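Reading through the structure tokens given below for one structure.
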Amino acid sequence: MAIVSFNSPHNPTKSHYHQHPPPQPLSITTPNSNPTKTPSIRAHLSQLCQEGRPDIARSLFNTIPRPTTVLWNTIIIGFICNGMSHEALCFYARMINSLTPVNPDAYTYSSTLKGCANTQQLKVGKALHCRILRSHSTVSTIVGNSLLNMYSSCLNPLSRFDLVENVFDGLRKRNVVSWNTMVGWYVKRGLFVGALKQFKLMMEMGVRPTVVSFVNVFPAVVAMKDTNNCDVLYGLVVKMGSEYVENLFVVSSAIFMYAELGDIDSARVVFEVARERDIEVWNTMIGGYVQNDCYAEGLDIFLRVLELNDIVPDTVTFLAALTAVSRLQRLDFGQQVHSYLLKNSMIVPVIISNALIAMYSKCNLVDTSFKIFEKMEERDIVSWNTMVSAFVQNECDDEGLMLVYEMQNQGFRIDSVTATALLSAASNLRNYRIGKQTHGYLLRNWIQFEGIESYLIDMYAKSGLISIAKQLFEKNCVNTKDQVTWNAMIAGYAQNGETDQAFTVLRQMLEQNEKPNSVTLASILPACNLSGGVTVGKQIHGFALRHSIHGNVFVGSALIDMYSKCGAIVSGEMVFHMTPEKNSVTYTSIILGYGQHGLGGKALSLFQIMLESAVKPDAVTFVAILSACSYAGMIDQGLQIFELMESEYRIPPTPEHYCCIVDMLGRAGRVIEAYEFIKNLGNEGNVAGIWGSLLGACRIHGELELGKFVAKKLFTLNEGSGMAGYHVLLSNIYADKGMWKSVDGVRKGMRDEGLRKESGCSWIEIGGTVNRFTAKDKKHPQFDMIYAKLENLAMDMKIAGYRPIARCTADGTSELED
DNA sequence: ATGAATATTT
């Protein structure tokens, strides 16, 4: 089996030396042997360099009393070909300052200039340029080309002054290399039209293009998305003959060109035309498929590479394969790639480990990601960022924050990627302090990146500082509002329950001719639930249909949710069946809807259909189906599904699942069983919600003693927001039993602790207007008529023989039930 | 003995 090889940054395999025949045996020379000694010393030095030992060649060189220019050149070239450009430059400095004067020649200049290009030493390059101009009346084409190349790699491509062009204009003789370098330079400067013009000019001058000419001009048409000229250029390649069409450089860059332009079929044709393929051709083809979201096809090609005996997959191959695996969330495949790597290579490069971390994270196995991260001997900023993002994306925001802390301890600085993860964590945790700190850090360090405003708006809105979000939206994004920014603001208002504001922003968005997309609609739809009216939701649905975005999974799921929350479960059902693409959220929405409408049987049969489909249920799906079972009293089925969740689907239960089970048992009167269930959970069951469900059950079934015990337990847990509700529940239990003294006691306790239950509210939509009511409120413009009608109704009910049961609520108002 | 050139993770 082939051993996996990985590229090192300075891969010498492409140096010219390795294209030469294998080294000849040494010829030993003595200092005074004969006049031919110089060429043989030169051959010896050159051979040492070919063997990758230029330092030894230098030591040998140091023993030579009066080295000639040729010998100096040999060492300089030797260093350059071994990726030691810095040493080459030092050696050049030694040469011109030598006590035994030697004159640099064209070889010295071209190789030293290459050294400058490799190390970005503009000053040395300029000094060389001066020296060349001073010492020679004419500049040879090769030296001129070396100057062109040096300037094109050392100069800032965005600078207004174009020294490269000056040198090119000053060249007395140009050849195809000069033209190619110019085309490359234009591309680097972003002057794509210029690059293409230069290429055309070269053709018009009768210069025959080489493969490099094509490789250099392709990126220009890619950048311009110029599919026409792309075809013209490739046509030219075909015309030039098989030496061009089958050249590995041409094949690889043509595949890349077509793939970048979205024409993956043509890329495949180019790939098939190549009779011989090296690993880079294979990599480009895999990468092309990944780039075009054809992950399965990419993996097919990857598998073919593994089967080849003469091609060894490298870092890039595995990187592309892992990207495809991540996008497909094909964990099985990813694990195979992982074990292949472990089996076949000594060390896994950092970049591959990073991709593995990302892959496991995308497959929701963040623990495995962290194991890989922990085991890494070396980590770069991408490793840290990937792991932090992995935590944040898998709902482990606290771990993500801790890791950022640790990362800074180890000398890595927060960058734009870390910041996006931090902002996401802040908005997930609804923690504006972390968000503000991150915002401050970005401002202090002048860190800017694309979409920064949307991240900030999202964070401030979700963490409750909607006014700051609004300020950012209005001040910082005056002219730069894009779809994402608009969406962030709309979602922000919608999530804060500010429905009117959300719709105002949507209207502004439409007025400014910015098109809403699926994200916009999926963000605004939940606001329709809150507003209580189905009319607005229907309008959004109509909008989605008109703009052909109703087929989107997210929009579909949001529509289902909206209809079912507005009581229109039949419409929700229809949307479900008409949504072409269904994911776990789509299924969960409709199951939840069925459950809330008491349609347990329908929920259950749809859940069965889901299990048989390719869509995997997630933790939320189980909450939906369990609560549906609970509402419908389908206890046995519910318990069975709960078993299945852990054993079959490997989803660890959360407090929400436990709540469902307790609720399910409790509603059915199996209160003691529910209590036993919580006891068995141990410390994991010490969550207010779970005990709260049990307290609810105690009330329904009049379990006074257990209720008192459960309430006591709840009050020790003291989890804030819901506590008032639990006090009210306890007082209701007492009230049901007519124990008014105890009721008073609970209410006094609540007053002492400053607890107040938020009053319940109901609403109804009439003629497109939503009317909200809370107990005893007089805000409605027609409240007097409404109360008069209520009294009439109450009278009618009394006459009909109805006896309401009066129960006490915490704020002293009476509540009519049953 | 010298010059131009392709693929990559958050």
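Residue numbering for the first sequence follows the UniProt record's numbering, starting at 1 and increasing by one per position. Note that beta-carbon positions come from the ideal geometry of N, C-alpha and C, so glycine has one too. Note that the structure is predicted; figures quoted are calculated from it, not measured.
{"Query": "Grab me the residues of residue 717's own chain with a C-beta within less than 8 Å of its C-beta, minus the 5 sequence neighbours each way, in chain order.", "Result": "686, 687, 688 and 691"}
{"Query": "In terms of residues, what are the limits of the alpha helix (DSSP H) holding residue 154?", "Result": "141-154"}
{"Query": "Measuring alpha carbon to alpha carbon, tell me which of 188, 617, 107 and 637 ends up nearest residue 154.", "Result": "188"}
{"Query": "Span of the alpha helix (DSSP H) holding residue 638?", "Result": "635-647"}
{"Query": "Whose CA, out of 289, 701, 58 and 616, lies closest to the CA of residue 321?", "Result": "289"}
{"Query": "Count the CB pairs spanning the region 645-663 and the region 617-628 that are closer than 8 Å, and state whether there are at least three.", "Result": "yes"}
{"Query": "Since residue 85 and residue 118 are thought to touch, with beta carbons under 8 Å apart, how far apart are those beta carbons, to the nearest angstrom?", "Result": "4 Å"}
{"Query": "Around the Cβ of residue 566, are there at least 16 other Cβ atoms within 10 angstroms (buried) or fewer (exposed)?", "Result": "buried"}
{"Query": "Got a sec, what are the start and stop residues for the alpha helix (DSSP H) residue 57 sits in?", "Result": "54-62"}
{"Query": "When the distance is taken between beta carbons, is residue 757 closer than 7 Å to residue 710?", "Result": "no"}
{"Query": "Distance check for residue 103 and residue 97, CA to CA, integer angstroms please.", "Result": "11 Å"}
{"Query": "List the whole-angstrom C-beta distance separating residue 40 from residue 74, where the pair is believed to meet the contact cut-off of C-beta under 8 Å.", "Result": "Not quite, the Cβ-Cβ distance comes to about 12 Å (not below 8 Å), so this is no contact."}
{"Query": "According to DSSP, simplified to helix, strand and coil, what is residue 129?", "Result": "helix"}
{"Query": "Can you tell me which of the three DSSP states residue 614 falls into?", "Result": "coil"}
{"Query": "Would you check if the distance between the CB atom of residue 224 and the CB atom of residue 192 is smaller than 7 Å?", "Result": "yes"}
{"Query": "Report the rounded CA-to-CA distance for residue 82 versus residue 88, giving the unit in angstroms.", "Result": "10 Å"}
{"Query": "Exposed or buried, which one is residue 453 when buried takes at least 16 other CB atoms within 10 Å?", "Result": "buried"}
{"Query": "Within the continuous alpha helix (DSSP H) that includes residue 599, where are the two ends?", "Result": "Here residue 599 belongs to no alpha helix (DSSP H), and DSSP marks it neither H nor E."}
{"Query": "Let me know the alpha helix (DSSP H) ranges lying completely inside the UniProt repeat \"PPR\" (175-209), each 4 residues or longer, listed in chain order.", "Result": "176-188 and 192-204"}
{"Query": "For residue 582, which three-state DSSP category applies?", "Result": "coil"}
{"Query": "By Cβ distance below 6 Å, which residues in the same chain neighbour residue 562 in space, the five residues on each side in sequence not counted?", "Result": "525, 528, 529 and 537"}
{"Query": "Please classify residue 430: does DSSP put it in a helix, a strand, or coil?", "Result": "coil"}
{"Query": "Of the residues 362, 247, 55 and 593, which one's Cα is nearest the Cα of residue 274?", "Result": "247"}
{"Query": "Are the CB atoms of residue 132 and residue 111 nearer to each other than 7 Å?", "Result": "no"}
{"Query": "For residue 702, which residues in the same chain have their Cβ closer than 8 Å to its Cβ, ignoring the five residues on either side in sequence?", "Result": "733, 736 and 737"}
{"Query": "Tell me the residue span of the alpha helix (DSSP H) that contains residue 219.", "Result": "211-223"}
{"Query": "Run through DSSP, which three-state label would residue 750 get?", "Result": "helix"}
{"Query": "Using C-beta distances below 6 Å, list every residue in its chain close to residue 719, excluding the 5 sequence neighbours before and after it, in chain order.", "Result": "688"}
{"Query": "Give me the residue from 222, 281 and 261 with the minimum Cα distance to residue 249.", "Result": "281"}
{"Query": "Where residue 654 and residue 627 are concerned, what is the direct C-alpha to C-alpha distance, given to the nearest angstrom?", "Result": "14 Å"}
{"Query": "In chain order, what residues of the same chain lie with their CB nearer than 7 Å to the CB of residue 126, ignoring the 5 residues before and after it?", "Result": "none"}
{"Query": "So, helix, strand or coil for residue 23, using DSSP?", "Result": "Any reading at residue 23 must be qualified, since the residue scores a pLDDT of 37, below 50, and its modelled position is unreliable; the value itself is stated next. Three-state DSSP puts residue 23 in coil, outside helix and strand."}
{"Query": "Just mark residue 795 as buried or exposed, buried being the case when its beta carbon has 16 or more other beta carbons within 10 Å.", "Result": "exposed"}
{"Query": "Where residue 411 and residue 342 are concerned, what is the direct C-alpha to C-alpha distance, given to the nearest angstrom?", "Result": "29 Å"}
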